[in-house]
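**Student:**
There are 2 protein chains.
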Amino acid sequence: MTVFSSFSRAFHAHSSSKLLVLFSVSSGGLVALSESQAESDRPNAELCQTESKKRVVVLGTGWAGISFLKGLNSSMYDVQVVSPRNYFAFTPLLPSVTCGTVEARSIVEPIRNMIKKRSVDINFWEAECLQIDAENKRIFCRSNLDENLVGNNEFYLEYDYLIIAVGAQVNTFNTPGVSEYCYFLKEVEDAQRIRRSVIDCFEKAVLPGLSEEERRTNVHFVIVGGGPTGVEFAAELHDFVQEDLIKLYPSVKDLVKITVIQSGDHILNTFDERISSFAEQKFGRDGIEVLTGSRVISVSDKLINMKMKGEVLSMPHGMVVWSTGVGARPVVKDFMEQIGQGNRRVLATDEWLRVKGCRDVYALGDCATVDQRKIMEDILTIFKAADTDNSGTLSMEEFQAVVEDILERYPQVELFLKSKHLPHVTDLLKDAEGNERPEVDYEEFKSALSLVDLQTKCLPATAQVAAQQGAYLSRCFNHRKQCETNPEGPRRFRLSGRHQFHPFQYKHLGQFATLGGEQAGAELPGDWVSVGHSTQWLWYSVYASKQVSWRTRFLVVSDWTRKFIFGRDSSRI
Amino acid sequence: MTVFSSFSRAFHAHSSSKLLVLFSVSSGGLVALSESQAESDRPNAELCQTESKKRVVVLGTGWAGISFLKGLNSSMYDVQVVSPRNYFAFTPLLPSVTCGTVEARSIVEPIRNMIKKRSVDINFWEAECLQIDAENKRIFCRSNLDENLVGNNEFYLEYDYLIIAVGAQVNTFNTPGVSEYCYFLKEVEDAQRIRRSVIDCFEKAVLPGLSEEERRTNVHFVIVGGGPTGVEFAAELHDFVQEDLIKLYPSVKDLVKITVIQSGDHILNTFDERISSFAEQKFGRDGIEVLTGSRVISVSDKLINMKMKGEVLSMPHGMVVWSTGVGARPVVKDFMEQIGQGNRRVLATDEWLRVKGCRDVYALGDCATVDQRKIMEDILTIFKAADTDNSGTLSMEEFQAVVEDILERYPQVELFLKSKHLPHVTDLLKDAEGNERPEVDYEEFKSALSLVDLQTKCLPATAQVAAQQGAYLSRCFNHRKQCETNPEGPRRFRLSGRHQFHPFQYKHLGQFATLGGEQAGAELPGDWVSVGHSTQWLWYSVYASKQVSWRTRFLVVSDWTRKFIFGRDSSRI
């Protein structure tokens, strides 16, 4: 026992200082979301000890919240975290949890474990924020542990800065029957529920006294939504059925059917076309039916009704998983009403992740979108500011003096250049024939940039965006003091001086989709696309290395090993 | 992928043929419940193929049911298994599941996995038996998967032999508030619920705005019942709190309290006194309060009321785990009414595990007790049968001719000899001064055996008894044909001939109780008692070797390893 406990202690010490790397990644560049970057960016803590600490309240412990907390120099602030989940979940592995390829517990890490490793105090309250009072800078919370709680379970917290990172909830688009009869795949509990239900469907299908039609219906699995989550679930389910369940339920092995319903023309339509069509071909070979161009009208306990190419269809089903679209949570909806954003889908922030319409409130992750300022709104101010000699025309030198600031403040300019295959930003000012102009006047300048704003892109609601936003914001908080005196951001065209911080800039590091049968598709930086078995191994490496702790890394890898050796478990627990 | 899948296939093949042993046990004799024995006992299957197969219906997939199925030569019968749980759970590790030392999924094995390994068909239905109709030899079942089931979920099964092995349920002794406010520890789901609740209690206790008294109450854990389950849970909880939780919830570390309420004078009172007092001393050192001689009167959401040495006490609590006593399940209660056993606690069977009062129904495990026939009921018949020369007296030779049969038919005789420290059974017939008598008459014979029946013992409701009963019964079923012509049992004193089978005889292989801090107590065969750290290692070995499959063995051992390295998880899932 003593040997073991000292070993254990030794390991604990090592694990927190991150000594070794279990998996190295061949492709380079893709991995390691924000971890390393944020750490090195922290300024000296003692700088800020002179005045009383500002109170930072963080709502949510998902990708955005955790990434913020990991990066934040918490000795500079009085940090309080409120979330109904006392753990962080590695959501990209949720589809694997639905079929027991990975255990639920292997993809979660308790917040308090993560906090414990920091030398300073961060308070965590397992509670739900019910209301945000931005006027009085406080929030109202209630513990969701009503049952048997001794004492009052409601409390207020006051803040100087509020970080809203509560994520989103499933969007049923008010389709009748969805909330009653469909399974979702957003939380860890959802994945566990799906797992039990899949087993149940098989147990139902083999009961004595059922007709073949009834058996067939019980093992008909319908997935609504052909995005990465839906596709990965379909693939996992197919593997689970083929590799494990048909051996245990041989009497229904020819009756199982998996159907994916997608409103667009292709599944995985946020991915490169090559991946999307590879997935469709693979699904075709596997016998997974993909119904594109179909929209679900309603769901009942026995039937799913949909419109497919103008025709109304009904399909009997054993189980429906709804995995399409996200919407704002009630507390966010309520807050949006308060600050005049009531008609929006999610919170709008500026490029510094500050919620528009109130002070000292930040929002990141799935509950918010960055509302990129259009260059055409500022076009006159930019022109005037750039025209330093007040000549009414912009010389190439004058333009080049502001071009850096323009590119940083309005990233759509760069996207526009890319889409037009223009190598240099000065190419913008060329005339219709492509000849350089020594000078442009206001109208010419305006018309040269007039189409730029069309390239403004909404960031996708992914873990990667959320994690980068969290890391970005923590860096801003860590550098608040320095940047007050030495602003680092781009020039303010409408006002004088510079912005305090660089605006948030998303760097797309690529994306993965597992397609079953040990195959995956990957989109990597530099338009590099990879599909097949080797990509699945890349996926294993990347997902193992991305785990937030050595504990979960160990657990996930041993779950994969266990699956290879023993298959997946089919117990109904 | 191909490498892995062929490896996986190879391993599957090996695992079913049981090639290697992971843990060897130093003490010998204790391990391997029934596994090896039953296998070698199977007669040649082809013997019985001549007539149509008899239908055997097994209710339940606990220790008794699984042990029966494992031993049964299922090619001789048409076997159907009905249980609401599609898995077998290794219940002795349930207390470890409550605190995450072992994961729930590591101690369960799907029934269909176990069936798949047998070459012949066994049908399993995930359903609950609601009624037994012994008159018409059929049972009425309903799938507990009401939700969304397509088709009829009710069905009848007809049987030639029925094996009732449904186990027992928690007995609240009608104490008010117990079923509403207490946690139980009988099923895997119960253990998972307790785990979540323990974390909840800590999350509640650290919420802002609570008084110290309220915090203290939230982390006051009360365990009712000082049997092995209750004691092991208390020990696990203490370890969980001390080794993991107080690091994560430092603000309440001095407020946590664990109380064990026991109605008897000592905890672990079915164990040897040395183990029981070792446990009490260890709990004393650990600060676990043991309230002996206390009876719970009622439980409310906030208070537990009890009577302690005549005095009525109330204690505020954060959580109560009720772990005392078992009672019959509704279907068994109903069946008992039917066959005139309505006033009993559990089903009564004879020594061959046949339910008294009906034909071809067997009951084993926690839902039944063996009702040992009293020797005094048969004393005259025995005397007459033994008195072969009809002399009215029994000579020593005459007595010795029947003594083997008596010892087998009435095992209480052996217990009586042991309790009186009599080395030979013939010592029974000595006179009051201890002198041997050449002959005894009926009255002397009767008086010599008059106190024997007081030694009749009820078998405890343990996994060990259930497993041995299952193995015993499967052997009887496998030898039914042979034993019809060559009965193997003891002489029938009331009728002629011999009993078809040996009666069931329980062989106590010892018992364990883990006491926390890597210490355990063990009672081993031959009155050998062992306590302390080495016993805990013995416990690890035995429990690893007793696992029903290589999969669960691998999982349990890796869970233990994980606990040593990373501690237990405190996520609320």
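If you read the protein sequences in the order shown, they are chains A and B.
Counting in my numbering, the first sequence runs from 12 upward without gaps.
Counting in my numbering, the second sequence runs from 12 upward without gaps.
Idealized CB from N, CA, C, for every residue including glycine.
Please look up how many angstroms separate the CB atoms of A:SER545 and B:TYR98, rounded, as I've assumed it's under 8 Å.
**Tutor:** As a working note, residue 545 of chain A is residue 534 in the first sequence. As a working note, residue 98 of chain B is residue 87 in the second sequence. That pair is no contact at about 37 Å.
**Student:** Do A:PHE394 and A:TYR483 come within 7 Å of each other at the CB atom, strictly closer than that value?
**Tutor:** The residue given as residue 483 of chain A occupies position 472 in the first sequence. The residue given as residue 394 of chain A occupies position 383 in the first sequence. No, the pair does not count as a contact, with Cβ atoms beyond the cut-off.
**Student:** With a threshold of 7 Å between beta carbons, is B:ASN97 in contact with chain A?
**Tutor:** Counted from its first residue, the second sequence places residue 97 of chain B at position 86. Closer than 7 Å to some Cβ of chain A, the Cβ of B:ASN97 qualifies, so yes.
**Student:** Pick out whichever of B:SER94, B:LEU83, B:TYR88 and B:VAL119 has its Cα sitting closest to the Cα of B:ARG564.
**Tutor:** The sequence position of residue 564 of chain B within the second sequence is 553, counting from 1. Among B:SER94, B:LEU83, B:TYR88 and B:VAL119, the Cα nearest to that of B:ARG564 belongs to B:VAL119.
**Student:** Can you pull the DSSP bridge partners for A:GLY338?
**Tutor:** Residue 338 of chain A sits at position 327 when you count from the first residue of the first sequence. Answer by DSSP bridge pairing, in chain order: A:GLN180.
**Student:** A:VAL542: which of A:PHE244, A:GLY241, A:GLU284 and A:ALA179 sits nearest, CA to CA?
**Tutor:** The sequence position of residue 542 of chain A within the first sequence is 531, counting from 1. When each option's Cα is compared against that of A:VAL542, the closest is A:GLU284.
**Student:** Excluding the five sequence neighbours on either side, which residues of its own chain have a C-beta within less than 7 Å of the C-beta of B:LEU470, listed in chain order?
**Tutor:** Position 459 of the second sequence, counting from 1, holds the residue named residue 470 of chain B. Here the set comprises THR380, VAL381, VAL476 and TYR517.
**Student:** If we cut at 7 Å on Cβ distances, does B:PHE79 have a partner in chain A?
**Tutor:** As a first step, residue 79 of chain B must be located in the second sequence, where it is residue number 68. For B:PHE79, the answer is no, since every Cβ of chain A falls outside 7 Å of its Cβ.
**Student:** Let me know the alpha helix (DSSP H) ranges lying completely inside the stretch 481-533 of chain A, each 4 residues or longer, listed in chain order.
**Tutor:** Runs found: 491-496.
**Student:** So which residues on chain B does A:ILE584 lean against when the C-beta distance must stay under 8 Å?
**Tutor:** Counting from 1 along the first sequence, the entry for residue 584 of chain A is found at position 573. The contacting residues are TYR98, ALA115, ARG116, VAL119, VAL199, GLU200 and GLN203.
**Student:** Helix, strand or coil: how does DSSP classify B:CYS59 here?
**Tutor:** Reading the second sequence from its first residue, position 48 is the one you call residue 59 of chain B. Low local confidence applies: a pLDDT of 42 at B:CYS59 is under 50, so the model's placement there is unreliable, with the coordinate-based value given in what follows. Three-state result, B:CYS59: helix.
**Student:** Just to confirm the assignment, what range does the beta strand (DSSP E) spanning A:SER325 have?
**Tutor:** The residue labelled residue 325 of chain A in the question sits at position 314 within the first sequence. 322-327 is the span of the beta strand (DSSP E), which, as asked, contains A:SER325.
**Student:** Quick one: Cα of B:HIS277 to Cα of A:LYS197, how far?
**Tutor:** Indexing the second sequence from 1 puts residue 277 of chain B at position 266. Indexing the first sequence from 1 puts residue 197 of chain A at position 186. For B:HIS277 and A:LYS197, the distance between alpha carbons rounds to 49 Å.
**Student:** Distance check for A:ASN489 and A:ALA290, CA to CA, integer angstroms please.
**Tutor:** As a position in the first sequence, residue 290 of chain A is number 279, starting the count at 1. As a position in the first sequence, residue 489 of chain A is number 478, starting the count at 1. Between A:ALA290 and A:ASN489, the C-alpha separation is close to 43 Å.
**Student:** With 7 Å set as the bound, which would you pick, yes or no: does the beta-carbon of B:ASP570 sit closer than that to a beta-carbon of chain A?
**Tutor:** Here residue 570 of chain B refers to the residue found at position 559 of the second sequence. With 7 Å as the cut-off, B:ASP570 does not count as an interface residue toward chain A.
**Student:** Let me confirm a value: B:ALA49 is counted as buried when at least 16 other C-beta atoms fall within 10 Å, else exposed. Which label applies?
**Tutor:** What you label residue 49 of chain B is simply residue 38 of the second sequence in a count that begins at 1. Reliability of the predicted coordinates at B:ALA49 is poor, the pLDDT of 37 falling under 50, and the value obtained from them is presented with this limitation in mind. Buried, because 16 or more other Cβ atoms sit within 10 Å of the Cβ of B:ALA49.
**Student:** With B:LEU248 as the anchor, note down where its alpha helix (DSSP H) starts and where it stops.
**Tutor:** Along the second sequence, read from residue 1 onward, the residue named residue 248 of chain B stands at position 237. Unbroken alpha helix (DSSP H) run through B:LEU248: 239-251.
**Student:** What is the DSSP secondary structure of B:LEU460, reduced to helix, strand or coil?
**Tutor:** Here residue 460 of chain B is taken as the residue at index 449 of the second sequence, counted from 1. The answer is helix: DSSP assigns B:LEU460 an H, G or I state.
**Student:** Would a check of beta-carbon distances place A:LEU33 closer than 7 Å to chain B?
**Tutor:** As a first step, residue 33 of chain A must be located in the first sequence, where it is residue number 22. Because A:LEU33 sits at a pLDDT of 30, beneath the cut-off of 50, its placement in the model cannot be relied upon, and the point is left open.
**Student:** Identify whether B:GLY282 lies in helix, strand or coil by the three-state DSSP scheme.
**Tutor:** Start at 1 with the first residue of the second sequence, and residue 282 of chain B comes out as number 271. Note that residue 282 of chain B is Phe in the sequence shown, not Gly. B:PHE282: coil per DSSP, three-state reduction.
**Student:** Note down, in chain order, every chain A residue with its Cβ under 8 Å from the Cβ of B:ARG123.
**Tutor:** Against the second sequence, residue 123 of chain B aligns to sequence position 112. Per Cβ cutoff of 8 Å: LEU259, TYR260 and SER581.
**Student:** Mind checking which residues open and close the alpha helix (DSSP H) that includes A:PHE232?
**Tutor:** The residue you call residue 232 of chain A lines up with position 221 of the first sequence. Careful: A:PHE232 lies outside any alpha helix (DSSP H), inside the beta strand (DSSP E) at 231-235.
**Student:** Please tell me whether B:SER19 has its Cβ less than 7 Å away from any Cβ of chain A.
**Tutor:** On the second sequence, residue 19 of chain B is found 8 positions in, with the first residue counted as 1. At B:SER19, the pLDDT of 39 sits below 50, so the modelled position is not reliable; the number obtained from the coordinates is stated separately. Chain A contact via Cβ: present.
**Student:** Suppose you measure from the CA of B:LEU465 to the CA of B:ARG365; what does that come to, to the nearest Å?
**Tutor:** Position 454 of the second sequence, counted from the first residue, corresponds to residue 465 of chain B. Position 354 of the second sequence, counted from the first residue, corresponds to residue 365 of chain B. Answer to the nearest angstrom: the Cα atoms are 23 Å apart.
**Student:** Between A:GLN423 and A:GLN480, how many whole angstroms is the CB-CB distance? I'm expecting something under 8 Å.
**Tutor:** As a position in the first sequence, residue 423 of chain A is number 412, starting the count at 1. As a position in the first sequence, residue 480 of chain A is number 469, starting the count at 1. Actually they are not in contact, since the Cβ atoms of A:GLN423 and A:GLN480 sit about 18 Å apart, beyond 8 Å.
**Student:** Kindly indicate if chain A contains any beta-carbon less than 7 Å away from that of B:VAL161.
**Tutor:** Here residue 161 of chain B refers to the residue found at position 150 when the second sequence is read from its first residue. Yes, B:VAL161 lies at the interface with chain A (some Cβ there is under 7 Å from its Cβ).
**Student:** With a threshold of 16 other CB atoms inside 10 Å of the CB of A:ASP580, please say whether the residue is buried or exposed.
**Tutor:** If you number the first sequence from 1, residue 580 of chain A lands on position 569. With 16 or more other Cβ atoms within 10 Å, it is buried.
**Student:** If distances are taken between C-alpha atoms only, which option among B:PHE410, B:ILE133, B:ILE417 and B:ARG502 comes closest to B:PHE512?
**Tutor:** Locating residue 512 of chain B in the second sequence gives position 501, counting from the first residue. For B:PHE512, the nearest C-alpha among the options comes from B:ARG502.
**Student:** Please decide whether A:ASN316 counts as near chain B, where near means a Cβ-Cβ distance under 7 Å.
**Tutor:** Here residue 316 of chain A refers to the residue found at position 305 when the first sequence is read from its first residue. Chain B, which has no Cβ nearer than 7 Å to the Cβ of A:ASN316, makes this no.
**Student:** Roughly how many angstroms separate the alpha carbons of B:ILE133 and A:TYR260, rounded to a whole number?
**Tutor:** Along the second sequence, read from residue 1 onward, the residue named residue 133 of chain B stands at position 122. Along the first sequence, read from residue 1 onward, the residue named residue 260 of chain A stands at position 249. Between B:ILE133 and A:TYR260, the C-alpha separation is close to 12 Å.
**Student:** Check the Cβ of B:SER154 against every Cβ in chain A and list those closer than 7 Å, keeping chain order.
**Tutor:** Mapped onto the second sequence, residue 154 of chain B falls at position 143. Here the neighbours are LYS215 and LEU218.
**Student:** Tell me whether B:VAL310 sits in a helix, a strand or coil according to DSSP, three-state version.
**Tutor:** For this step, residue 310 of chain B is matched to residue 299 along the second sequence. Of the three classes helix, strand and coil, the one that applies to B:VAL310 here is strand, per DSSP.
**Student:** Within the continuous beta strand (DSSP E) that includes A:PRO121, where are the two ends?
**Tutor:** For this step, residue 121 of chain A is matched to residue 110 along the first sequence. Per DSSP, A:PRO121 belongs to the beta strand (DSSP E) from 119-121.
**Student:** Is it right to say B:HIS231 is buried, meaning 16 or more other beta carbons lie within 10 angstroms of its own, or is it exposed?
**Tutor:** Taking the first residue of the second sequence as 1, we reach residue 231 of chain B at position 220. The residue is buried, with at least 16 neighbouring Cβ atoms inside 10 Å.
**Student:** Go to B:PHE195, then tell me how far its beta strand (DSSP E) extends in each direction, as first and last residue.
**Tutor:** Within the second sequence, residue 195 of chain B is the residue found at index 184, counting from 1. Neither: B:PHE195 is in no beta strand (DSSP E) and is coded neither H nor E.
**Student:** Near A:ASN4, what residues of its chain come up, given a Cβ to Cβ distance below 7 Å and the 5 sequence neighbours on each side ignored?
**Tutor:** Residue numbering for chain A in the displayed model covers 12 to 584; residue 4 of chain A lies beyond these limits and cannot be assessed.
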